[in-house]
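Enquirer: For the sequence shown, the numbering used here begins at 1 and goes up steadily by one.
Even for Gly, the Cβ is constructed at its ideal location relative to N, Cα and C.
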Amino acid sequence: MTRTQLINSLNTVLNQGNQLSTVVFAVMKESFEIKKLNIDNNEISTIQEMFLRSIREKIINVEEQTIIKVSEADNRANTVFHYDLDLPTGLDFYSSPLTDGIANFSFANDDLGKIDSLIIKIGTETNQIKIFKKLSPVEVLGRGGFLLRKARTQLERFTEKILNLTPSFNAVFVGDTYIFLDLKLLENSYGFHDVIVREANNSVQLIQALQILTTTEGIVELLGKTSFARKVVKIKNSPVILKQIPNAQIITFTQRHPSLANKMRYSDDGTQIILHTKKSRELFIKMLDDAYLTSELTEQYYESSAKDVVEGEEDASNNQEETQN
């Protein structure tokens, strides 16, 4: 999904005006059971407007914001993330259908303090979004410690819990696509590491197919660290692999580039790389991600994990004419 497609999909929902309706669901801790919150209709309108405004402020109206797939995520700022992997076990409930058959949250049987997160469904029968909001400790007042309230001339203990609803949110589901505002929630979700390792192993198979390494065992050993595994996932879309750069050219590059020279070893016949240290494995993965760049103007070497392909004006113009024709 491109940013333009994302904005159009969101506006398709937001521009339905008075036809919009909103339902708020609670996701309970541990069980991840979904319960419908029975909220006063007047307050529902306020909640709806609050989150629509938040969608505009955090996505639609943000200038120069980019969208990038989670499998290709890098460290660039002002970015939202298109989730293109399997949902981790800890967020699997997010894909559950929100039907009329879902039970109501009951103050007799349920506890506000045990609400983990909220799902806010806004839209019509044909066009809708699902906003996911992880509750922070300060958004459920009375969960841990206790509250004091004014009682005539004294303060007395307030024993009820209060849901403090703020406009912040973590993700939105629109047009069959999950969009996350940041990666922290994903990285802390149960099962996310398993998803990343599974995808990373697929990338390792691509490396094996190149037959450029004497062994990939050292890379597999480092997949236990999520940050490294994510870097391995990225290389499945690397131009080094997609453009089928010859092994001999890759090996020559590792021998000559200042950041890579003398960091790796090679087989006796010089046709394969030996990754004998943790550092060499990390550098090799970074190299496959095409992170080592050179300025044509200054011939200065740079490292960058965030890269956007630049299309020449003439090529872009030709492409536009072809599209119009």
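#1: For residue 209, does the count of other Cβ atoms within 10 angstroms reach 16, so buried, or fall short, so exposed?
#2: If you follow the beta strand (DSSP E) that residue 179 is in, where does it begin and where does it stop?
#3: If you drop the 5 nearest sequence neighbours on each side, which residues of the same chain put their C-beta closer than 6 Å to that of residue 168?
#4: Helix, strand or coil for residue 229? Go by DSSP, reduced to three states.
#5: Label residue 123 either buried or exposed according to how many other C-beta atoms from any shown protein chain fall within 10 Å of its C-beta, with 16 as the threshold for buried.
#6: Give a yes or no on contact between the region 8 to 21 and the region 81 to 91, applying the rule of three or more CB pairs nearer than 8 Å.
#7: Would residue 117 be called buried (16 or more neighbouring beta carbons within 10 Å of its own) or exposed?
#8: Between 107, 16, 80, which has its C-alpha nearest residue 26's C-alpha?
#9: Counting pairs of beta carbons, one from the region 177 to 196 and one from the region 275 to 284, are three or more of them closer than 8 Å?
#10: Where residue 72 and residue 96 are concerned, what is the direct C-alpha to C-alpha distance, given to the nearest angstrom?
#11: Return no unless some Cβ of chain B is closer than 8 Å to the Cβ of residue 267.
#12: If I follow the unbroken beta strand (DSSP E) through residue 132, where does it start and stop?
#13: Using DSSP with H/G/I as helix, E/B as strand and the rest coil, what is residue 321?
#14: Using the beta-carbon count (16 or more within 10 Å), is residue 207 buried or exposed?
#15: Verify whether the separation of the beta carbon atoms of residue 292 and residue 238 is less than 8 Å.
Expert: Let's see:
#1: Label assigned to residue 209: exposed.
#2: Residue 179 -> beta strand (DSSP E) spans 177 to 180.
#3: Counting only Cβ-Cβ distances below 6 Å, and skipping sequence neighbours, we find nothing.
#4: Helix, per DSSP.
#5: Classified as buried, residue 123 has 16 or more neighbouring CB atoms from the shown chains inside 10 Å of its CB.
#6: With a cut-off of 8 Å, the region 81 to 91 and the region 8 to 21 do not count as touching, because too few Cβ pairs lie within range.
#7: Residue 117 comes out buried.
#8: That would be 107, whose Cα lies nearest to the Cα of residue 26.
#9: As far as the Cβ criterion goes, the region 177 to 196 does not touch the region 275 to 284, which means the pair count is below three.
#10: Approximately 26 Å between the Cα atoms of the pair.
#11: The structure shown contains no chain B; it holds only a single protein chain.
#12: Residue 132 -> beta strand (DSSP E) spans 128 to 134.
#13: With a pLDDT of 49 at residue 321, under the threshold of 50, the predicted position of this residue should be treated as unreliable, though the coordinate-derived value follows. When secondary structure is reduced to three states using DSSP, residue 321 falls in the helix class.
#14: Counting every other CB atom within 10 Å of its CB across the protein chains shown gives residue 207 a total of 16 or more, marking it as buried.
#15: Result no, Cβ atoms of residue 292 and residue 238 do not sit closer than 8 Å.
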